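Residue numbers (the UniProt record's numbering): 1 to 290.
Virtual Cβ for every residue (Gly too), placed ideally from N, Cα, C.
The model shown is predicted, which means the values in this text are computed figures rather than measured ones.
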């Protein structure tokens, strides 16, 4: 899959914005609250720490991190750090704001928490060296550059996950589907051309598989039927368009629906409320967001 870009169309449509908010020592107990649409990426370059979560949060209540590691929270999940490094700038933290919140495809596809030793993820050395160099002293543009380096770190992490889904213990979903060479051709094509006249036959043909083999493999790897996934992808894009002021008619034409009524009907079935009712509940996008 060297010639297939599996991430650009996804990340261009659904942004993830990183913001450095801490560098250096963490003393005693440090708590991180859950906020809608917000995740966290923590990098421990030296030392050990204990992470705890609330009961019934879906992850282990206590995790001991005994070596340099990444801790990636793609969805809102309250957590606390105990006994983090008390000296030096060997600990950095960033918030991750996912466009569309819980509906962001990555937020849906990833587990609630990934803890990965730095030694396991190839290619991080140079990015981390630059990131910690920026974190160690204040210079012009420090925060902006640190944020961009965290963006690079997220992309490098996603690349590694696509190539190591079993090692990362990813559940069935979009990333596991993209890790399969044949399914990746169809998924990437759907991501790039959501308004095309897709059918099971054209999806299977794009993958180079028979319809029955494609449908079975897609369900096994992605956890949904191809038609279900296509609908979810289109509705997710429609939500982004509506939040940024596009009309339902414009969204329907771009996403392959006959008219606004057709999109409205599918939207309501998928989301549980009409586009107008959903839009009233949604916060307006931040100024400057695309």
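Practice item. Look at the Cβ atom of residue 158, then the Cβ atom of residue 131, and state whether they are nearer than 9 Å. Key: no
Point to revise | Exposure of residue 225, with buried meaning 16 or more beta-carbon neighbours within 10 Å | key: exposed
Practice item. Report the rounded CA-to-CA distance for residue 273 versus residue 267, giving the unit in angstroms. Key: Put simply, the backbone Cα of residue 273 is about 8 Å away from that of residue 267.
Review point. Under the rule that 16 or more other beta-carbon atoms within 10 Å means buried, what is residue 252, buried or exposed?
Key: buried
Exercise for review: Kindly indicate which three-state DSSP category residue 64 falls into: helix, strand or coil?
Suggested key: strand
**Study point:** Coil, strand or helix - residue 229 by DSSP
**Key:** helix
Check your understanding: Looking at the unbroken alpha helix (DSSP H) that takes in residue 222, where does it start and where does it end?
Key -> 211 to 222
**Study point:** With 16 other Cβ atoms within 10 Å as the buried cut-off, status of residue 191
**Key:** buried
Point to revise | N-terminal and C-terminal residue of the alpha helix (DSSP H) that residue 163 is part of | key: 142 to 163
**Study point:** Between the CA atoms of residue 77 and residue 57 - distance to the nearest angstrom
**Key:** 8 Å
Point to revise | 7 Å Cβ shell around residue 89 - same chain, five flanking residues per side excluded | key: With a pLDDT of 49 at residue 89, under the threshold of 50, the modelled position of that residue is not reliable, and no figure is offered here.
Review point. Going by beta carbon distance, what residues of the same chain come within less than 7 Å of residue 21, once the five residues before and after it are set aside?
Key: Around residue 21: 93, 94, 95.
Check your understanding: Grouping DSSP H, G and I as helix and E and B as strand, with all else coil, what is residue 105?
Key -> Of the three classes helix, strand and coil, the one that applies to residue 105 here is helix, per DSSP.
Practice item. Give me the Cα-Cα distance between residue 48 and residue 265, rounded to the nearest whole angstrom. Key: 52 Å
Exercise for review: Kindly indicate the opening and closing residues of the beta strand (DSSP E) around residue 117.
Suggested key: 114 to 117
Exercise for review: Mark residue 212 as exposed unless 16 or more other C-beta atoms lie within 10 angstroms of its C-beta, in which case mark it buried.
Suggested key: By the 10 Å Cβ count, residue 212 comes out exposed.
Check your understanding: Quick one: is residue 116 near chain E, going by C-beta distance under 9 Å?
Key -> Absent here is chain E; the protein component of the structure consists of one chain.
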